[in-house]
DNA sequence: CTTGGGACCTGGCTGC
DNA sequence: TGCAGCCAGGTCCCAA
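In my numbering, the protein residues as written are -1 to 267.
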């Protein structure tokens, strides 16, 4: 599932294909993709537009167009962006043809992905919390934000308005690395614990970007290769397997209705 | 106001 | 073998 490292990888690998290129044709095959606009209007508005730049904000992709509008995309659980896919695909939801002859395909098995064409991308991404990997984001920022919430720390880490880009998998990995139980209250962590968590969040995300994302479930990179970050996972999706630190079996519990994997011995409540 | 839980969506897997 | 039900989870929406 695309979280920050996966979306960052998609952005990096898509960049050379689309930036500076013009859209010759846009085809939306699933109206559910557009919560706020109609298919024909959006197809028409996109045609002829040049992609001036492409950026990631949280888990969103933002295509800045020559019309000064922005196409903002969220892949949610199973959305994929593929360049010139060779294999046939029953879940294609949109296709984009570019002036350099390439075809960009949006495929989405569970149909939860969405996109918006907006005057100002802030209308979509404005409510997001800080980027965890930005230089301006400090341990004090994290401490200040966590201190305002009584919710489980796991729920706080995946709340996009508190901090942007972390999803279920990387929240579990960061909490394991920091030896913090997912159900601890966000505002009850010590200064030392928050500092440790800050470094673990950044470490886990940076390593995953270096590995080009985690290919669990449906994630593949735009040119079809798999990511390798899942090979580093120590607790995520490893219920029953041995904790790499102490050997105890990894457990799964629910936090806000999300499966949460942790070591009951290393991460005490 | 905050917090928590369900809905959305589909296909693979598990267990009876 | 068949099939019901669980599981995956990002975000929105509603209720307490």
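Glycine included, every Cβ here is placed at the ideal spot set by N, Cα and C.
Drop a sphere of 10 angstroms on the beta-carbon of residue i, count the other beta-carbons inside from all chains shown, and report buried for 16 or more, exposed for fewer.
i	result
residue 68	buried
residue 44	buried
residue 163	buried
residue 266	exposed
residue 264	buried
residue 30	exposed
residue 198	buried
residue 105	buried
Roughly how many angstroms separate the alpha carbons of residue i and residue j, rounded to a whole number?
i	j	result
residue 59	residue 98	21 Å
residue 48	residue 181	47 Å
residue 13	residue 190	39 Å
residue 151	residue 22	46 Å
residue 220	residue 252	32 Å
residue 269	residue 82	Look at the range of the chain in this structure, -1 to 267, and you will see that residue 269 is not part of it.
residue 80	residue 63	20 Å
residue 5	residue 57	6 Å
residue 89	residue 73	13 Å
residue 84	residue 226	22 Å
residue 130	residue 142	14 Å
residue 166	residue 235	10 Å
residue 122	residue 32	13 Å
residue 16	residue 38	22 Å
With a Cβ-Cβ cutoff of 9 Å, do residue i and residue j count as a contact?
i	j	result
residue 172	residue 203	yes
residue 2	residue 196	no
residue 210	residue 7	yes
residue 256	residue 156	yes
residue 103	residue 87	yes
Among the residues of its own chain, which have a CB less than 6 Å from the CB of residue i, if the five just before and after it don't count?
i	result
residue 194	176
residue 184	144, 147, 149, 151, 154
residue 95	22, 23, 101
residue 127	159, 160, 161, 162
Going along the chain, which residues of its own chain have a beta-carbon closer than 8 Å to the beta-carbon of residue i, five neighbours each way excluded?
i	result
residue 261	174, 233, 241, 243, 244, 246, 248, 249
residue 238	247, 248
For the putative contact between residue i and residue j, defined by C-beta atoms under 8 Å, what is the C-beta separation to the nearest angstrom?
i	j	result
residue 160	residue 179	So it is not a contact: roughly 18 Å between Cβ atoms.
residue 92	residue 52	Their Cβ separation, rounded to whole angstroms, is 16 Å, which puts residue 92 and residue 52 out of contact at 8 Å.
residue 205	residue 230	6 Å
residue 78	residue 216	6 Å
residue 115	residue 35	6 Å
Return the chain-ordered list of same chain residues with a C-beta closer than 7 Å to the C-beta of residue i, the five sequence neighbours on each side being excluded.
i	result
residue 268	Given a span of -1 to 267 for the chain in the structure shown, any question on residue 268 remains unanswerable.
residue 46	20, 21
residue 50	62, 63, 64
State yes or no: is the C-beta of residue i nearer than 8 Å to some heavy atom of the ligand GDP?
i	result
residue 177	Of ligands this structure carries none, so the ligand GDP is not represented either.
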